[in-house]
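In this note's numbering, the protein residues as written are 98 to 454.
In what follows, a structure is listed as structure tokens, so that the remarks can point back to it.
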Amino acid sequence: MSRYFSPRFAALEPYTPGEQPQSLERYVKLNTNECPFPPSEKARAYAEAHTRPLNLYPDPDCRALRVKLAETLEIAPEELMLCNGSDEALAFAFLAFCDGKTAAAFPEITYGFYPVFAALCSVEYQEVPLRADFSVAPEDYFGLGRTIFIANPNAPTGKLLSVAEIETILQRNPDNVVVIDEAYIDFGGTSCIPLIRSYENLLVTQTFSKSRALAGGRLGFAVGCPALIADLNAIRCSFNPYNVNSLTTAAAMGTLLDSDYTRRCCETVMENRTYTAAELKRRGFHVLESAANFLFAAAPDYDGGALYRALKEKGVLVRHFDKPAIAQYNRISIGTREQMDALLRALDEILQEAGQG
Numbered sequence: 098m099s100r101y102f103s104p105r106f107a108a109l110e111p112y113t114p115g116e117q118p119q120s121l122e123r124y125v126k127l128n129t130n131e132c133p134f135p136p137s138e139k140a141r142a143y144a145e146a147h148t149r150p151l152n153l154y155p156d157p158d159c160r161a162l163r164v165k166l167a168e169t170l171e172i173a174p175e176e177l178m179l180c181n182g183s184d185e186a187l188a189f190a191f192l193a194f195c196d197g198k199t200a201a202a203f204p205e206i207t208y209g210f211y212p213v214f215a216a217l218c219s220v221e222y223q224e225v226p227l228r229a230d231f232s233v234a235p236e237d238y239f240g241l242g243r244t245i246f247i248a249n250p251n252a253p254t255g256k257l258l259s260v261a262e263i264e265t266i267l268q269r270n271p272d273n274v275v276v277i278d279e280a281y282i283d284f285g286g287t288s289c290i291p292l293i294r295s296y297e298n299l300l301v302t303q304t305f306s307k308s309r310a311l312a313g314g315r316l317g318f319a320v321g322c323p324a325l326i327a328d329l330n331a332i333r334c335s336f337n338p339y340n341v342n343s344l345t346t347a348a349a350m351g352t353l354l355d356s357d358y359t360r361r362c363c364e365t366v367m368e369n370r371t372y373t374a375a376e377l378k379r380r381g382f383h384v385l386e387s388a389a390n391f392l393f394a395a396a397p398d399y400d401g402g403a404l405y406r407a408l409k410e411k412g413v414l415v416r417h418f419d420k421p422a423i424a425q426y427n428r429i430s431i432g433t434r435e436q437m438d439a440l441l442r443a444l445d446e447i448l449q450e451a452g453q454g
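Following this line, the structure appears as structure tokens:
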């Protein structure tokens with residue numbers, strides 16, 4: 098760090114993203130929960146034909162896309178804000194709804210960006226332990242007097258809360274915002290978006306990075322009552338009103354016009370998830386039930402970090418976390434059937450070499 102760096106950030110530990118190798122041919126990439134399929138041909142064709150001239154600023158309100166997405170979600174445009182990935186929406190929520198008087202709360206094992214956002218915004222936070230089975234206990238969030246952030250399905254576990262369970266959290270925290278991060282909701286869960294008309298304290302975030310195959314485009318959105326969305330827009334327009342570029346806007350519009358393709362991709366991912374979970378269990382792995390586009394699995398009698406490194410040596414990237422409670426596990430993104438078979442072959446080789454095959 099330079100001598101000019103503000104001391105208030107001296108202890109900041111930035112978020113560490115999954116590895117992005119420069120040579121994709123070298124690895125089977127199952128470490129960052131991307132969609133294994135490209136955007137649809139219709140989406141790409143629409144993007145090529147409708148991109149706003151790049152010498153002009155993009156529409157700061159993304160009006161056409163916002164209207165179309167609102168129609169798709171069956172909400173009003175004023176109940177929706179588009180942003181540069183759902184991470185930006187989450188960061189804006191920490192800025193808008195947390196401060197010296199209102200702290201944050203989120204699960205102890207969850208998306209690693211939450212404590213980073215809290216630290217960056219100088220917000221005190223509480224990490225709530227999970228149950229023994231790695232599930233979120235709704236009652237642990239009742240009446241906390243804090244802004245609550247819950248990833249549903251949770252990451253990296255893939256565990257899902259029902260809409261009814263989330264509704265109990267909303268009911269027991271009427272004076273605080275509850276943010277439900279639904280980055281993976283399209284792979285087996287039910288969205289809480291319909292609840293925004295009943296609960297003014299609900300904010301839902303989603304992304305185009307996972308089910309909609311636009312991770313490289315960086316587009317996310319937040320849904321809530323008009324007042325909450327106005328709060329977020331106040332932050333957005335004080336930071337970067339041109340936060341969504343015109344190339345991404347066009348690609349996203351094309352994606353919305355080909356919803357059948359998105360549905361088929363999600364169905365294929367879920368089929369491959371079921372297949373891979375069964376194959377891992379057949380090899381003795383402990384695999385958590387997942388409603389996301391990844392599995393969280395621990396190998397029999399094999400250190401989680403060592404397995405991650407052994408897989409990388411064989412050209413397969415998965416995600417390992419050093420937190421003691423989950424250090425035996427690896428998060429495995431669901432790819433194509435060919436990619437999952439490559440993972441299984443590599444695992445068989447590793448376990449055989451260790452005398453476990």
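Positions of the beta carbon are idealized from the N, C-alpha and C atoms, including for glycine.
These figures come from a predicted structure and were not determined experimentally.
Please report the Cβ distance between residue i and residue j, rounded to the nearest whole angstrom; I am assuming they are in contact, meaning their Cβ atoms lie under 8 Å.
{"i": "N181", "j": "V301", "result": "In fact, because the Cβ distance is near 17 Å, the residues do not count as touching under 8 Å."}
{"i": "A201", "j": "C195", "result": "5 Å"}
{"i": "I266", "j": "Y238", "result": "5 Å"}
{"i": "F391", "j": "G255", "result": "6 Å"}
{"i": "P133", "j": "G432", "result": "4 Å"}
{"i": "A394", "j": "L377", "result": "5 Å"}
{"i": "S356", "j": "E131", "result": "Their Cβ separation, rounded to whole angstroms, is 19 Å, which puts S356 and E131 out of contact at 8 Å."}
{"i": "S183", "j": "T345", "result": "S183 to T345, Cβ: 13 Å. No contact."}
{"i": "E224", "j": "F210", "result": "That pair is no contact at about 14 Å."}
{"i": "L192", "j": "C218", "result": "6 Å"}
Starting from residue i, follow its DSSP beta bridges and name the residues at the other end.
{"i": "N427", "result": "A394 and H417"}
{"i": "P58", "result": "With the chain running from 98 to 454 in the structure shown, residue 58 is simply not present."}
{"i": "P204", "result": "V225"}
{"i": "A248", "result": "D278"}
{"i": "A319", "result": "M178 and T302"}
{"i": "K139", "result": "Beta-bridge pairing links K139 to no other residue."}
{"i": "K126", "result": "L414"}
{"i": "R383", "result": "One point to set straight first is that residue 383 is His, not Arg, in the sequence displayed. BP columns for H383 point to A395."}
Just mark residue i as buried or exposed, buried being the case when its beta carbon has 16 or more other beta carbons within 10 Å.
{"i": "S335", "result": "exposed"}
{"i": "L151", "result": "exposed"}
{"i": "R228", "result": "exposed"}
{"i": "G313", "result": "exposed"}
{"i": "D398", "result": "exposed"}
{"i": "N330", "result": "buried"}
{"i": "A140", "result": "buried"}
{"i": "F106", "result": "exposed"}
{"i": "M98", "result": "exposed"}
{"i": "R294", "result": "exposed"}
{"i": "Y426", "result": "buried"}
{"i": "P226", "result": "exposed"}
{"i": "R100", "result": "exposed"}
{"i": "S259", "result": "exposed"}
{"i": "L109", "result": "exposed"}
{"i": "K126", "result": "buried"}
{"i": "H360", "result": "The question names His, but residue 360 in the sequence shown is Arg. R360 is exposed by the Cβ-count criterion."}
{"i": "K154", "result": "Rather than Lys, the amino acid found at residue 154 in this sequence is Tyr. Exposed: under 16 other Cβ atoms inside 10 Å."}
{"i": "D419", "result": "exposed"}
{"i": "A190", "result": "buried"}
{"i": "G240", "result": "exposed"}
{"i": "K307", "result": "buried"}
Looking only at C-alpha atoms, which of the options sits nearest to residue i?
{"i": "P104", "options": "A216, L354, N390 and S288", "result": "A216"}
{"i": "N128", "options": "P136, P118 and L316", "result": "P118"}
{"i": "R269", "options": "T287, G286, E297 and L257", "result": "E297"}
{"i": "T352", "options": "D156, R309 and I429", "result": "R309"}
{"i": "R243", "options": "A347, L166, L258 and V276", "result": "V276"}
{"i": "A443", "options": "G412, R434 and N427", "result": "G412"}
{"i": "L166", "options": "I423, P155 and L179", "result": "L179"}
{"i": "A396", "options": "E410, R379, E386 and S387", "result": "R379"}
{"i": "F231", "options": "T359, L241 and V384", "result": "V384"}
{"i": "A234", "options": "E262, Y211 and P253", "result": "E262"}
{"i": "Y112", "options": "A173, A188, V274 and E176", "result": "A188"}
{"i": "I115", "options": "R416, L448, I447 and A451", "result": "Note that residue 115 is Gly in the sequence shown here, rather than Ile. It is R416 whose Cα lies nearest to the Cα of G115."}
{"i": "A424", "options": "E175, Y143 and I206", "result": "I206"}
{"i": "A422", "options": "D400, E435 and L414", "result": "D400"}
{"i": "C289", "options": "L311, A375 and L170", "result": "L170"}
{"i": "I326", "options": "I172, S137 and G197", "result": "I172"}
{"i": "R123", "options": "C218, C363, K409 and N369", "result": "K409"}
{"i": "E76", "options": "E435, L241 and G209", "result": "Since the first residue shown for the chain is 98 and the last is 454, residue 76 is missing from the structure and cannot be characterised."}
{"i": "P253", "options": "R163, Y208 and R333", "result": "Y208"}
{"i": "T287", "options": "L257, L177 and V366", "result": "L257"}
{"i": "V164", "options": "P271, L354 and L448", "result": "L354"}
{"i": "P135", "options": "T371, C363 and E446", "result": "C363"}
{"i": "R428", "options": "D272, S306 and L414", "result": "L414"}
{"i": "E175", "options": "A374, D328, D445 and A451", "result": "D328"}
{"i": "G197", "options": "F214, P212, R333 and V220", "result": "V220"}
Worksheet item: Between the segment 400–415 and the segment 314–325, do three or more beta carbon pairs fall short of 8 Å?
Response: no
Practice prompt. Pair every Cβ in the segment 273–284 with every Cβ in the segment 244–258, then say whether three or more of these pairs are closer than 8 Å.
Written response: Judged by Cβ distances under 8 Å, the segment 273–284 makes contact with the segment 244–258, as three or more pairs qualify.
Discussion item. Check whether the segment 346–364 and the segment 145–161 are in contact - that is, three or more C-beta pairs closer than 8 Å.
Written reply: Taking 8 Å as the limit for Cβ pairs, the verdict is that the segment 145–161 does touch the segment 346–364.
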